[in-house]
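See below for the structure under consideration.
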Ligand code: GLC
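Numbering (mature numbering (1 follows the signal peptide of the UniProt record, and there is no 0)), first residue to last: -21 to -1, 1 to 368.
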């Protein structure tokens, strides 16, 4: 900010317009409508938006360790997705779009399905099973309206983390059975309505330790492809998101869980292999198969007692910064989807949204409610970051 202002001041005082124009251009939306084709992350930086920056700045202010504070402050300029996790958060979307420049892409998570988080308790949502009409008219429709009114800004959407993967592997649970119709119809509606030229969408596919099992690849791909078809094959759906709020390494050979039975029946031992395997299954099922991978918290491996442990994993660190330089032509970008520092779920056993995974021996405790800032956890992520800050 300081740099830009002084550059503008110098430009003005010298009577030169070129420096000023360049300064303003790098801070403004595009001057014409954005039409995203190919890899939308190539040539664009994931937006480091003001809401996460404010969380980071507050965390930095609370730090007495000066050297850690200097490192932590750098997080404010790392691109991170914003989660539209309830209807009331939609009010923030227009402002976030307005602060996004022409050379940036704003990351948004669509996350409010009726009966949300059907296999866990920590992230149960505000909409009850059966509220599909509310999801459509009060959640998706207003989001579409705001994005359509801002055609000169690029957006990347992660569509409904965990939802369809839960239908593939947790259909034994009554809650997931009850949520199934609403998930399928809600996801299809989101894909159809948010299919705008300045948007790219990635439908969530869990992670390698979830749909990467031999027996899950085809049913998983078919479940996602059904939503794509039901939505009328939207052109702006580029493929799938993986490792959202997850912990898996991008490349790790042998894999962290490369022992029987995991290693025997699951070849997706890292997210790189998962992208290739699930990508191939998606192609067979007739859906676009490019991927984005959350590397926000995957710096440290060997922390989980079991592959499925998902809550506030203790010892984690910030991972590779967002980039379109992935080395895998199917992987459009490494992105930070889960805002590091925000909790995955409360560790208080008496809380209504307590999930036992958040009380496991490998889960950081104490931890506040999902989405709430956890200062100690954030500091740990900074300390353990790879590459370091
Ligand atoms: C969790 C929470 C959600 C939050 C998100 C990002 O899934 O349930 O409220 O926005 O994480 O921290």
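Here a beta-carbon is modelled for each residue, glycine too, at the ideal position from N, C-alpha and C.
*Determine, using beta carbons only, whether residue 213 and residue 184 come nearer to each other than 9 angstroms.*
The Cβ-Cβ distance between residue 213 and residue 184 does not fall below 9 angstroms.
*Completely contained alpha helix (DSSP H) runs for the region 187 to 214, where each covers 4 or more residues*: DSSP runs (the alpha helix (DSSP H)) wholly in the region 187 to 214: 193 to 209.
_CB-CB length for residue 182 against residue 216, believed under 8 angstroms_ = Correct: roughly 7 angstroms between the Cβ atoms.
*How big is the Cα-Cα spacing for residue 220 and residue 272?*
Looking at the two C-alpha atoms, the distance is approximately 6 angstroms.
*Roughly how many angstroms lie between the CA atoms of residue 332 and residue 146, to the nearest whole one?*
For residue 332 and residue 146, the distance between alpha carbons rounds to 21 angstroms.
_Counting only C-beta atoms, is residue 229 closer than 9 angstroms to chain C at any point?_
This model lacks chain C altogether; it includes just one protein chain.
_Cβ contact check for the region 192 to 203 and the region 252 to 269: 3 or more pairs under 8 angstroms_ = Yes, since at least three Cβ pairs between the region 192 to 203 and the region 252 to 269 fall closer than 8 angstroms, the two stretches touch.
_Residue interval of the beta strand (DSSP E) (run including residue 359)_ = Element bounds for residue 359: not the beta strand (DSSP E) but the alpha helix (DSSP H), 354 to 362.
*Kindly indicate the opening and closing residues of the alpha helix (DSSP H) around residue 30.*
29 to 40 is the extent of the alpha helix (DSSP H) around residue 30.
_Helix, strand or coil at residue 25 according to DSSP, with G and I counted as helix_ = Looking at residue 25 - three-state DSSP - the assignment turns out to be strand.
_Distance cut-off 8 angstroms: residue 94 Cβ against heavy atoms of the ligand GLC_ = Not so, every heavy atom of the ligand GLC lies at least 8 angstroms from the Cβ.
*Work out the CA separation of residue 301 and residue 137 for me, nearest whole Å.*
Distance from the CA of residue 137 to the CA of residue 301, rounded to the nearest whole angstrom, comes to 15 angstroms.
*Where residue 289 and residue 79 are concerned, what is the direct C-alpha to C-alpha distance, given to the nearest angstrom?*
Rounded to the nearest angstrom, the two C-alpha atoms are 31 angstroms apart.
*Identify the continuous beta strand (DSSP E) that holds residue 218 and give its terminal residues.*
Note, residue 218: beta strand (DSSP E), 216 to 221.
*Near the ligand GLC, which residues have their beta-carbon closer than 6 angstroms to a heavy atom?*
Qualifying residues, in the order they occur: 62, 64, 102, 317, 318, 321, 349 and 350.
*Report, in whole angstroms, the separation of the C-beta atoms of residue 363 and residue 278, which I expect to be a contact under 8 angstroms.*
Here residue 363 really is in contact with residue 278; their C-beta atoms are around 6 angstroms apart, less than 8 angstroms.
*Can you tell me which of the three DSSP states residue 66 falls into?*
Note: residue 66 maps to helix in three-state DSSP.
*To the nearest whole angstrom, what separates the beta carbons of residue 298 and residue 275, a pair I think is in contact under 8 angstroms?*
Going by Cβ atoms, the distance from residue 298 to residue 275 rounds to 6 angstroms, so yes, they are a contact pair.
*Could you tell me the boundaries of the alpha helix (DSSP H) in which residue 126 lies?*
120 to 127 is the extent of the alpha helix (DSSP H) around residue 126.
_Continuous beta strand (DSSP E) stretch holding residue 83: start and end_ = Its beta strand (DSSP E) spans residues 83 to 89.
*Just the C-alpha distance for residue 189 and residue 102, rounded to the nearest angstrom, thanks.*
Residue 189 and residue 102 have their C-alpha atoms roughly 18 angstroms apart.
_residue 323, buried or exposed, once every other Cβ within 10 Å from all chains shown has been counted against 16_ = Counting Cβ neighbours within 10 Å, residue 323 comes out buried, since at least 16 surround it.
*For residue 16, count neighbouring Cβ atoms within 10 angstroms of its own Cβ and tell me buried if that reaches 16, exposed if not.*
Under this definition residue 16 is an exposed residue.
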